Amino acid sequence: MNLNKLLIYEIIPQETPYVIRNCSKCKRNTEFYCSEKFRVNANQKIVDIWLIYNCLHCEETWNYPIISRVNVNKIDSLEHQKFMNNDLETIWQYAFQINQLRKLCHDVNTDIRYELRKDMLDSTSDGITIKIRCKYDFGLRVDKFIAEIFNISRSKVNKMVQDDMFLLNPDISVKKKIIDDLQVTVIGDWYKAML
Ligand SMILES: [Zn+2]
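Quick look at the structure:
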């Protein structure tokens with residue numbers, strides 16, 4: 003049983019990732035931002051849906067294909083409404099499909115701004131477990147995140163992991179990206195001066 007203090011960090015992105023692709027107007031690779039709008043095209047009962055991106059420099063459009071040539075009856079009506087209404091949560095789910103976007107673009111810039119919402123569930127224990135909530139995956143690495151919240155270098159984090167001063171649950175490498183609900187238990191009380 004884990005009686006540690008639980009410190010919850012929620013990672014909240016402040017923007018969607020830019021995609022990098024060739025712009026036919028700029029005639030070079032440029033950054034395209036997500037317009038946060040779907041384009042829905044219905045021809046008879048056949049539906050196409052794209053998420054619209056625009057070149058940062060000239061506003062040239064690129065359409066990210068979401069649904070291609072699908073019969074409208076095959077699309078969940080609630081989901082269809084979300085596309086029609088440009089539902090922001092649905093848009094963000096697609097805008098954070100980094101792997102899929104990388105297949106269609108030159109690259110995806112995941113170096114985005116995010117905020118941390120911190121919530122401490124107190125207990126009398128000296129031990130502390132950090133729980134990380136991250137609804138949108140943008141490839142943030144565990145060691146980078148730990149380094150940030152303790153304000154220490156990434157190499158120091160790696161050294162401390164080798165010395166068993168951080169225990170991860172599930173037990174993934176700190177070089178991997180953060181997964182939702184990852185827990186990091188801090189061994190010792192050195193952290194008290196750092197958080
Ligand atoms: Zn352009």
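With positions in the sequence shown counted from 1, the corresponding number in this note's numbering is that position plus 2.
Ideal Cβ placement from N, Cα and C applies to all residues, glycine included.
None of the values given here were measured: they were computed from a predicted structure.
> Just checking my contact of Thr187 with Phe98 at CB under 8 Å: how many whole Å lie between their CB atoms?
Replying inline: Not quite, the Cβ-Cβ distance comes to about 28 Å (not below 8 Å), so this is no contact.
> What residues come near ligand 1, if near means a beta carbon less than 7 Å from any of its heavy atoms?
Replying inline: Cys25, Lys27, Cys28, Thr32, Cys57, His59, Cys60 and Glu62
> In three-state DSSP terms, what is Ile154?
Replying inline: coil
> When we look at the beta-carbon of Val74 and count the other beta-carbons within 10 Å, is it buried (16 or more) or exposed?
Replying inline: exposed
> In whole angstroms, what separates the C-alpha of Tyr20 from that of Asn87?
Replying inline: 22 Å
> With respect to 7 Å, is the separation between the Cβ of Asn160 and the closest non-hydrogen atom of ligand 2 below this value?
Replying inline: You won't find ligand 2 in this model; what it holds is ligand 1.
>> Do Arg115 and Gln46 count as a contact pair if the criterion is CB distance below 8 Å?
In response: no
> Which of helix, strand or coil does DSSP assign to Gln185?
Replying inline: strand
> If you draw a straight line from the C-alpha of Phe85 to the C-alpha of Glu150, how long is it?
Replying inline: 36 Å
> With distances taken from CA atoms, which of Val72, Ile13, Thr32 and Tyr66 is nearest Val49?
Replying inline: Val72
>> Just to confirm the assignment, what range does the beta strand (DSSP E) spanning Lys7 have?
In response: Lys7 to Pro15
>> Relative to the C-alpha of Asp165, which candidate in Arg143, Leu184 and Gly190 has its C-alpha closest?
In response: Gly190
> Starting from Asn101 and walking both ways along the alpha helix (DSSP H), at which residues does that stretch end?
Replying inline: Ile100 to Leu106
> Is Val222 helix, strand or coil when you go by DSSP?
Replying inline: Absent from the model: residue 222. The displayed extent of the chain is 3 to 197, so no value can be given.
> What is the rounded straight-line gap between the Cα of Ile180 and the Cα of Arg143?
Replying inline: 6 Å
>> Assuming contact is defined by CB atoms lying nearer than 8 Å, are Ile54 and Asp109 in contact in what I supplied?
In response: no
> Below 8 Å between beta carbons: does that hold for Phe147 and Ile134?
Replying inline: yes
> Exposed or buried, Thr32, counting other C-beta atoms within 10 Å across all chains shown (16 or more means buried)?
Replying inline: buried
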